[in-house]
Each structure stands twice: as structure tokens, then as C-alpha cells.
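Engineer: Counting from 1, one number per residue, gives the positions in the sequence shown under the UniProt record's numbering.
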Amino acid sequence: MSTPLDPEDPRPAEAKTAVPQTRPGTVDPRLLEVLVCPVTKGPLDYDAQAGELISRAARLVYPIREGIPIMLPEEARPLAD
């Protein structure tokens, strides 16, 4: 359910979104709280500098492209030792 926009708000229409915007290439912290590894259903570590989510249990690294985590095992790379 979305919240109604305030017609008195002086900001441009594109700035009046109900969902806060993040910088390009970053992941919304609320999304990171609920994401789990699709293989193990275990927690993920976020490497913001590399733009990756790491599943230590599955030893897989999931890429983040344009701020979107790619949670497909076939897109993940093996975690290096």
C-alpha cells in the first residue's frame, strides 16, 4: 500500500516517492536485512566496496548490479580462500 503524496509538497514529482532512494550501485539496507542465501537460507555478508553479497556457508559470492542483488546460484562465483 502506498502513501498518498502531499499536493503542497514543493519537491518535484520524482522526488515524492514513498520509498527512499539509494545511491546508484548501493543496496537498500532494509533489503539487506531480509535477504538470505538461496542455497543455504543462511545469512549474507555485504561487501559494499566490492558490490557483492557473500554466503560463507555456501562459499558463494553473489554480485550486485546497479543496486540489485543477483541471487541466482548460477550467477554467483565461488568464494576464494
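Backbone N, C-alpha and C define an ideal beta-carbon position, used for all residues, glycine too.
Which residues in the same chain have their Cβ closer than 8 Å to the Cβ of Thr40, if we skip the five residues on either side of it in sequence?
Structural biologist: Ser55, Ala57, Ala58
Engineer: Where does the unbroken alpha helix (DSSP H) through Leu32 begin, and where does it stop?
Structural biologist: 29 to 34
Engineer: Where does the unbroken beta strand (DSSP E) through Val61 begin, and where does it stop?
Structural biologist: 60 to 65
Engineer: Return yes when the Cβ of Pro73 is within less than 8 Å of the Cβ of Leu53, no when it is not.
Structural biologist: no
Engineer: Is it buried or exposed, Ala50, if we count other Cβ atoms within 10 angstroms and call 16 or more buried?
Structural biologist: exposed
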